[in-house]
Amino acid sequence: MSQFFVRRLILLLPVLLGITFITFSLARLIPGDPCFAILGEKATPEQCQAFRERQGLNDPIPVQFTHYLGNILEGNFGKSLKDSRLVTDIMLERLPMTLEVTAGAMLFSTTFGILLGLISAVRRNSAVDVITMMGANVGVSMPVFWLGLVLAYVFALTLKGTPLWIPPSGRLSSGLTLAPLAQTYHLENLQGPALALVTFFSNMVTFNALVSGRGDVLRDALWHLILPCVAVGTIPLSIIARMTRSSLLEVLGLDYIRTARAKGLLERTVIFKHAMSNAMLPIVTVIGLSFGGLMSGAVLTETVFALPGVGTQLISAILSRDYSVVQAFTVVIALMFVLVNLLVDFSYAFLDPRIRLQ
Amino acid sequence: MSATPQTPTVLTVEPLLQAAPRTPLQNVLRRLVRHRSAQVGMVILGFLILVAVFAPVLAPYDPVKVLKDVKTRLPPCIHLLGCPADQPEHFFGIDGNRRDLLSRIIYGSRLSLEIGVATVSFAIVVGAALGAVAGYAGGWVDNVIMRLMDVLLAFPSLLLSIAIVAVLGPGLINALLAIAFVSIPVYARIVRASVLQVKEQDFVAASRALGASALGILVTHVLPNALTPLIVQGTLGIASAILDAAALSFLGLGAPPPTPEWGLMLGEERNSVFNAPHLVFLPGIAIMLTVLAFNLIGDGLRDALDPRLSQSGAKQH
Numbered sequence: 071m072s073q074f075f076v077r078r079l080i081l082l083l084p085v086l087l088g089i090t091f092i093t094f095s096l097a098r099l100i101p102g103d104p105c106f107a108i109l110g111e112k113a114t115p116e117q118c119q120a121f122r123e124r125q126g127l128n129d130p131i132p133v134q135f136t137h138y139l140g141n142i143l144e145g146n147f148g149k150s151l152k153d154s155r156l157v158t159d160i161m162l163e164r165l166p167m168t169l170e171v172t173a174g175a176m177l178f179s180t181t182f183g184i185l186l187g188l189i190s191a192v193r194r195n196s197a198v199d200v201i202t203m204m205g206a207n208v209g210v211s212m213p214v215f216w217l218g219l220v221l222a223y224v225f226a227l228t229l230k231g232t233p234l235w236i237p238p239s240g241r242l243s244s245g246l247t248l249a250p251l252a253q254t255y256h257l258e259n260l261q262g263p264a265l266a267l268v269t270f271f272s273n274m275v276t277f278n279a280l281v282s283g284r285g286d287v288l289r290d291a292l293w294h295l296i297l298p299c300v301a302v303g304t305i306p307l308s309i310i311a312r313m314t315r316s317s318l319l320e321v322l323g324l325d326y327i328r329t330a331r332a333k334g335l336l337e338r339t340v341i342f343k344h345a346m347s348n349a350m351l352p353i354v355t356v357i358g359l360s361f362g363g364l365m366s367g368a369v370l371t372e373t374v375f376a377l378p379g380v381g382t383q384l385i386s387a388i389l390s391r392d393y394s395v396v397q398a399f400t401v402v403i404a405l406m407f408v409l410v411n412l413l414v415d416f417s418y419a420f421l422d423p424r425i426r427l428q
Numbered sequence: 042m043s044a045t046p047q048t049p050t051v052l053t054v055e056p057l058l059q060a061a062p063r064t065p066l067q068n069v070l071r072r073l074v075r076h077r078s079a080q081v082g083m084v085i086l087g088f089l090i091l092v093a094v095f096a097p098v099l100a101p102y103d104p105v106k107v108l109k110d111v112k113t114r115l116p117p118c119i120h121l122l123g124c125p126a127d128q129p130e131h132f133f134g135i136d137g138n139r140r141d142l143l144s145r146i147i148y149g150s151r152l153s154l155e156i157g158v159a160t161v162s163f164a165i166v167v168g169a170a171l172g173a174v175a176g177y178a179g180g181w182v183d184n185v186i187m188r189l190m191d192v193l194l195a196f197p198s199l200l201l202s203i204a205i206v207a208v209l210g211p212g213l214i215n216a217l218l219a220i221a222f223v224s225i226p227v228y229a230r231i232v233r234a235s236v237l238q239v240k241e242q243d244f245v246a247a248s249r250a251l252g253a254s255a256l257g258i259l260v261t262h263v264l265p266n267a268l269t270p271l272i273v274q275g276t277l278g279i280a281s282a283i284l285d286a287a288a289l290s291f292l293g294l295g296a297p298p299p300t301p302e303w304g305l306m307l308g309e310e311r312n313s314v315f316n317a318p319h320l321v322f323l324p325g326i327a328i329m330l331t332v333l334a335f336n337l338i339g340d341g342l343r344d345a346l347d348p349r350l351s352q353s354g355a356k357q358h
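As structure tokens, then:
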């Protein structure tokens, strides 16, 4: 089995190299001189020459790429052209928000997608099945940003004044604050990767509130996450529900299920113990593949709910031609996507003993 | 008794009325037309095509014309449904720039269909070419092309489109190029799989021995094999291209104002969702119905073209 893991990791290397090369190339393809973008239109030729020497832009492309690769491995993504802040700091601020929305959406879509798909398969051709599958077809066809706006209208305006009201924007209600973890746990002397890690988790409001014992902030943060997570998770929910139904129906038609039923096993034992374990492989694949869609959905939905995540930062960076931010966020998101797909590949070995024994 | 020659009685049996056996294409079309979801999809798509074709006739106003004597963000006004007669009739209301929303949505159907068909056509042509070269050439050529496709597939498609638009600059053509580029790997893989399936077969070797060129073999033998999955994936690809284009326009990276693009309409009016919800709901419903139509037809095509169904169908004859 370790051979399986090692082989998968080795196969990943050219893909990782390709991702970094594409993001490197994208930045170099942006029209215009980066010197004028950073130093301003009035920069002199001498200043630009000195700038290019400092940034290594006069080096051959393979040398520039090697430096770029080395910087990525060190977590150094350069500075934002817009406000000269370290891109790493911007990422540590913004990424946790997006990951919270993505994780929440994944939990929502996986839980309810598998549940609905299971009910549809077990009660095939019933009203529940027909309605669920019609809903899934409609769900897959909805633009996520439109769904976010519709949910905001329904839960923030139509249901205002009722217990079902949910706030339509922002991370926390006004008046609620949360201290950074470094301050709460007196870790101000931390530096380097340790500080980066603490900052990252500090900016993950739900995690921070949980470990800081701030139940009020945790409840408020989760409350503000409901609408974005439901909006982002609806499309993957529909896909997972359809896949669960078709995968389970395929398995339920097999001979060994007929045998299990003939033996007199309870239907829930047949489904949960015998059928679902074999039906899970394609479902897990779809869950893994939907991660990319969840990230994209999170990027879009943040602009709807005014959440301070990757999405709002990325769009702002594109419109202001801040290519170092665009480059950094693109490579990090792609790397996360690849990592999730790798975890999905690894999960096959646990779900299917035949793969383990190969 | 004299033996008289008897005319042998010939019992002629009228051949049973046998319908000519259906061609595979007829079988597929029959299954598609009987597929319930595909029926819904085809009705919606048919309606959409009619709206797009007859847009200049159906739209009451020019989609980009700023109307005078109307307030911004007026709600829908239909006199038959009780809207006062002194108010100007606008079935879908007026947007924030004092343009008729119904006209913009009607013309938007043209743009959406053009976007979907154009991006998928480009992606299929380029993807098929790359897949065919990769599969037929094999060796390092196959490896290089397919590893490049793997890398492109490693990115979430919308995010890669956003990154490409960041390079090319916002605009409708750049957005379409980005979406098409990102879709290429899917079609490359489909065609490559078909090439690999077919290229080692005897009839291909025979064609080669008879002097057929590689291009001739690809066109005559390989591409017909790849047609089925290409058609299914292409139909589903149109749906996702329309969604991606709407997303890019929503973010301000696609069609520029005052183009009547549904995603752009949503993006421009996103802050009006509470005071003028019709400006958000209606373009979104239009996007959803269009994408739903292509998804349902794609699902129907996939079922209709399923070889397992075609085998069972053949047995009935």
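These protein sequence lines map, in sequence, to chains A and B. The first sequence lines up with residues 71 to 428 when you count with this note's numbering. The second sequence lines up with residues 42 to 358 when you count with this note's numbering. Heads up, the beta-carbon is just placed ideally off N, CA and C, and yes, glycines get one too.
Whole-Å CB distance - residue i paired with residue j, under 8 angstroms assumed
| i | j | result |
| --- | --- | --- |
| V396(A) | A207(B) | 5 angstroms |
| L277(B) | F335(B) | 7 angstroms |
| A301(A) | L242(A) | With 8 angstroms as the limit, A301(A) and L242(A) do not qualify as a contact, their Cβ atoms being about 19 angstroms apart. |
| A164(B) | Y228(B) | 6 angstroms |
| A204(B) | A286(B) | Contact flag wrong, Cβ pair sits at about 16 angstroms. |
| V239(B) | N266(B) | 5 angstroms |
| I283(B) | S162(B) | Actually they are not in contact, since the Cβ atoms of I283(B) and S162(B) sit about 14 angstroms apart, beyond 8 angstroms. |
| Y223(A) | V314(B) | 5 angstroms |
| I135(B) | L108(B) | 7 angstroms |
Cα-Cα separation between residue i and residue j, rounded to whole angstroms
| i | j | result |
| --- | --- | --- |
| T20(A) | G145(A) | It is not possible to answer for residue 20(A), since the shown part of chain A is limited to 71 through 428. |
| A253(B) | F94(A) | 43 angstroms |
| L359(A) | N411(A) | 7 angstroms |
| H120(B) | L280(A) | 56 angstroms |
| I310(A) | I189(A) | 13 angstroms |
| T232(A) | F225(A) | 9 angstroms |
| W303(B) | T228(A) | 24 angstroms |
| D183(B) | G168(B) | 13 angstroms |
| V198(A) | I184(A) | 14 angstroms |
| A79(B) | G205(A) | 16 angstroms |
| L335(A) | L83(A) | 47 angstroms |
| D110(B) | G325(B) | 27 angstroms |
| I20(A) | K149(A) | Outside the shown range of chain A (71 to 428) lies residue 20(A), about which nothing can therefore be said. |
Identity of the residue in the options nearest residue i by Cα
| i | options | result |
| --- | --- | --- |
| A173(B) | L115(B), L66(B), I225(B) and L70(B) | I225(B) |
| P97(B) | S150(B), H76(B), D136(B) and V69(B) | S150(B) |
| I160(A) | G363(A), N273(A), V214(A) and G283(A) | N273(A) |
| W293(A) | S150(A), S282(A) and W235(A) | W235(A) |
| L200(B) | I388(A), A197(A), V414(A) and V210(A) | I388(A) |
| A266(A) | D325(A), V380(A), L156(A) and C118(A) | L156(A) |
| S366(A) | K333(A), G240(A) and F407(A) | F407(A) |
| S244(A) | V214(A), D290(A) and S154(A) | D290(A) |
| R312(A) | A330(A), A332(A), P352(A) and V340(A) | P352(A) |
| R77(A) | G88(A), D415(A) and F420(A) | D415(A) |
| M350(A) | I131(A), V321(A) and G140(A) | V321(A) |
| Y138(A) | S394(A), Y418(A) and L409(A) | S394(A) |
Cutoff 7 angstroms; reference residue i; Cβ partners in own chain excluding five residues on either side
| i | result |
| --- | --- |
| T382(A) | E372 and T373 |
| G240(A) | H294 and A376 |
Own chain, CB closer than 6 angstroms to residue i, minus 5 neighbours either side, in chain order
| i | result |
| --- | --- |
| P299(B) | V105 |
Beta-carbon contacts of residue i that lie in its chain and below 8 angstroms, excluding the five residues immediately before and after
| i | result |
| --- | --- |
| I142(A) | T90 and V401 |
| L219(A) | V374 |
| K356(B) | Confidence in K356(B) is poor, its pLDDT being 35 and thus under 50, which makes the residue's placement unreliable; the coordinate value appears in the next sentence. If we look at K356(B) and ignore the five residues flanking it on each side, it has no Cβ neighbours. |
| S351(B) | The pLDDT assigned to S351(B) is 48, lower than 50, so where the model puts this residue is not dependable, and the model offers no usable value. |
Residue i CB to nearest heavy atom of the ligand ZN below 7 angstroms
| i | result |
| --- | --- |
| L292(B) | Inclusion of the ligand ZN in the displayed structure is not the case, the ligand content being empty and no account of it being possible. |
For the segment 168-189 of chain B, enumerate the residues whose C-beta is nearer than 8 angstroms to any C-beta of chain A, in chain order.
R188 and L189
Residues in the segment 222-245 of chain A with C-beta within 7 angstroms of chain B's C-beta atoms, listed in sequence order?
A222, Y223 and L227
Give the residues from the segment 130-153 of chain A that approach chain B closer than 8 angstroms (Cβ to any Cβ), ordered along the chain.
none
Contact set between the segment 277-304 of chain B and chain A, restricted to residues whose Cβ is under 8 angstroms from the partner:
A280, L284, A287, A288, F291, L292, G293, L294 and G304
Taking Cβ-Cβ distances below 8 angstroms as the criterion, which residues of the segment 99-116 of chain B are in contact with chain A?
none
Can you give me, in chain order, the residues of the segment 356-368 of chain A that have a beta carbon less than 9 angstroms from any beta carbon in chain B?
F361, G362, G363, L364, M365, S366 and G367
Pull out every residue of the segment 124-136 of chain B whose Cβ sits closer than 9 angstroms to any Cβ of chain A, in chain order.
none
In the segment 367-388 of chain A, which residues sit with their C-beta less than 9 angstroms from some C-beta in chain B, listed in chain order?
G367, V369, L370, T373, V374, G381, L384, I385, A387 and I388
Contacting positions in the segment 311-345 of chain B - beta carbon closer than 9 angstroms to chain A:
R311, V314, F315, P318, V321, F322, P324, G325, I326, I328, M329, L330, T331, V332, L333, A334, F335, N336, L337 and D340
Positions along the segment 396-416 of chain A whose CB lies within less than 7 angstroms of some CB in chain B
V396, T400, I403, A404, F407 and V408
Contact residues within the segment 215-246 of chain B, judged by C-beta distance below 9 angstroms to chain A
none
When Cβ atoms are compared, which residues of the segment 192-217 of chain A fall closer than 7 angstroms to chain B?
N207, V208, V210, S211, M212, P213, F215 and W216
Going along the segment 75-94 of chain A in order, which residues come within less than 7 angstroms of chain B, judged by CB to CB distance?
P84, V85, G88, I89 and I92
Within 8 angstroms of chain A by C-beta, residues of the segment 188-206 of chain B in sequence order
R188, L189, D191, V192, L193, A195, F196, P197, S198, L199, L200, L201, I203, A204, I205 and V206
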